[in-house]
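Using the working numbering, read the sequence shown as starting at 5 and increasing by one per residue. This report concerns only the one structure given below.
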Amino acid sequence: MTEPQFYNRRRWIYAALVIAILILTALNFWSWFFVQDLEIRQLGETRRQLTSLTRLLAGQLSSNYFLDEVALPESTSPQVIAIERQLFDFKNRADIAAILLVSFDQQTYLDHRFETDDKSRSRSFPINQALFQKALQSDSTYADLRLLGEEYFLTAYAPVSNFAGEALGILIVDAPAGVFSGLTLFKGRLLAIGIGGVLLIALFGGIIILA
Numbered sequence: 005m006t007e008p009q010f011y012n013r014r015r016w017i018y019a020a021l022v023i024a025i026l027i028l029t030a031l032n033f034w035s036w037f038f039v040q041d042l043e044i045r046q047l048g049e050t051r052r053q054l055t056s057l058t059r060l061l062a063g064q065l066s067s068n069y070f071l072d073e074v075a076l077p078e079s080t081s082p083q084v085i086a087i088e089r090q091l092f093d094f095k096n097r098a099d100i101a102a103i104l105l106v107s108f109d110q111q112t113y114l115d116h117r118f119e120t121d122d123k124s125r126s127r128s129f130p131i132n133q134a135l136f137q138k139a140l141q142s143d144s145t146y147a148d149l150r151l152l153g154e155e156y157f158l159t160a161y162a163p164v165s166n167f168a169g170e171a172l173g174i175l176i177v178d179a180p181a182g183v184f185s186g187l188t189l190f191k192g193r194l195l196a197i198g199i200g201g202v203l204l205i206a207l208f209g210g211i212i213i214l215a
């Protein structure tokens, strides 16, 4: 084999490698977009389920305790224990990480831990102020996907109202959304592999040009 033939064959080998890597990279990016679409669909469905559940729970609280009220009861009121017991029952019946009822002025916090008067954990809950106010003003339910550490949680906000339709507070339901942690990790790996493929294509392309 002459030297020109050797270099020509090497060019074809590099070209074949580039084509193979290009195909694999294209498939990888297609997979990334597929997972992205799956994540969007899953988020939409999970959000619908949680907002429906939260709206139902808020309606039960409204009809059971607040039809004739003008504000949430003070923490010293005997009614508080009954409300917090119901929040406790809600939490045990559903896959919920936390559930709390916050007054419209965010001065009163009721949660599922009816056995303790310490509400410091509830008061430190990271409330999405935009959705909190939006739920108060529009009498609708909204949900927010948030990242805490390495775990995702979906948090829903629903108004609790009296008979006149006045929002006395917001029921906040926080549910684990671990599936999004896995999808995010998978997307990150696909993206890293895709970028690596692009870099390999550039490397072999440069070798072909210089060979």
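Ideal Cβ placement from N, Cα and C applies to all residues, glycine included. Source: prediction; values computed, not measured.
Beta strand (DSSP E) segment containing residue 103, residue limits: What you label residue 103 is simply residue 99 of the sequence shown in a count that begins at 1. Element bounds for residue 103: 102-107.
Same chain, Cβ closer than 6 Å to residue 116, neighbours up to 5 away in sequence not counted: Within the sequence shown, the letter at position 112 stands for residue 116. So the qualifying residues of the chain are 91, 92, 95 and 103.
Unbroken alpha helix (DSSP H) run spanning residue 115, endpoints: As a first step, residue 115 must be located in the sequence shown, where it is residue number 111. Note, residue 115: premise wrong, no alpha helix (DSSP H); beta strand (DSSP E) at 113-115.
Same chain only: Cβ atoms within 7 Å of residue 101, ignoring 5 sequence neighbours per side: Within the sequence shown, numbered from 1, the residue matching residue 101 stands at position 97. Hits under 7 Å: 157, 178, 179 and 180.
Residue 134 beta carbon less than 9 Å from that of residue 57: Taking the sequence shown and counting its residues from 1, one reaches residue 57 at position 53. Taking the sequence shown and counting its residues from 1, one reaches residue 134 at position 130. Cβ atoms of residue 57 and residue 134: not closer than 9 Å.
Same chain, Cβ closer than 8 Å to residue 131, neighbours up to 5 away in sequence not counted: Here residue 131 is taken as the residue at index 127 of the sequence shown, counted from 1. Closer than 8 Å at the Cβ level, and outside the excluded window around residue 131, lie 106, 110 and 176.
Reduced DSSP secondary structure (H/G/I, E/B, other) of residue 157: The residue labelled residue 157 in the question sits at position 153 within the sequence shown. Three-state result, residue 157: strand.
Straight-line Cα distance separating residue 24 from residue 164: In the sequence shown, the residue the question calls residue 164 occupies position 160. In the sequence shown, the residue the question calls residue 24 occupies position 20. In a straight line, the C-alpha of residue 164 is about 59 Å away from that of residue 24.
C-beta contact flag for residue 139 and residue 174 at 9 Å: For the purposes of this step, residue 139 is taken as the residue at position 135 of the sequence shown. For the purposes of this step, residue 174 is taken as the residue at position 170 of the sequence shown. Going by C-beta atoms, residue 139 is nearer than 9 Å to residue 174.
Buried/exposed call for residue 99, threshold 16 Cβ in 10 Å: Taking the first residue of the sequence shown as 1, we reach residue 99 at position 95. Classification for residue 99: exposed.
Residue 148: first and last residue of the uninterrupted beta strand (DSSP E) it sits in: Residue 148 sits at position 144 when you count from the first residue of the sequence shown. Residue 148 -> beta strand (DSSP E) spans 146-152.
Residue 162 vs residue 62 beta-carbon contact at 9 Å: Reading the sequence shown from its first residue, position 158 is the one you call residue 162. Reading the sequence shown from its first residue, position 58 is the one you call residue 62. Yes.
Through-space distance from residue 81 to residue 142, alpha-carbon basis: Translated into the one-based positions of the sequence shown, residue 142 becomes position 138. Translated into the one-based positions of the sequence shown, residue 81 becomes position 77. The alpha-carbon atoms of residue 142 and residue 81 are separated by roughly 29 Å.
Outcome for residue 74 when other beta-carbon atoms lying within 10 angstroms are tallied against a minimum of 16: The sequence position of residue 74 within the sequence shown is 70, counting from 1. Classification of residue 74: exposed, given that the 10 Å Cβ count is below 16.
Host beta strand (DSSP E) of residue 135 (start-end): If you number the sequence shown from 1, residue 135 lands on position 131. From DSSP, residue 135 is part of no beta strand (DSSP E) but of the alpha helix (DSSP H) over 133-142.
Residue 131 at chain D interface by Cβ criterion, 9 Å: Here there is only one protein chain, and chain D is not present.
Proximity of residue 69 and residue 86 at Cβ, strictly below 9 Å: For the purposes of this step, residue 69 is taken as the residue at position 65 of the sequence shown. For the purposes of this step, residue 86 is taken as the residue at position 82 of the sequence shown. Yes. Within cutoff.
First and last residue of the uninterrupted beta strand (DSSP E) at residue 172: Residue mapping note: residue 172 aligns to position 168 of the sequence shown, counting from 1. From DSSP, the beta strand (DSSP E) with residue 172 extends over 171-180.
DSSP bridge partner residues for residue 162 (one or two, in chain order): One-based indexing of the sequence shown puts residue 162 at position 158. Answer by DSSP bridge pairing, in chain order: 175.
Collapsed DSSP secondary structure at residue 110 in the structure displayed: Within the sequence shown, numbered from 1, the residue matching residue 110 stands at position 106. Three-state result, residue 110: coil.
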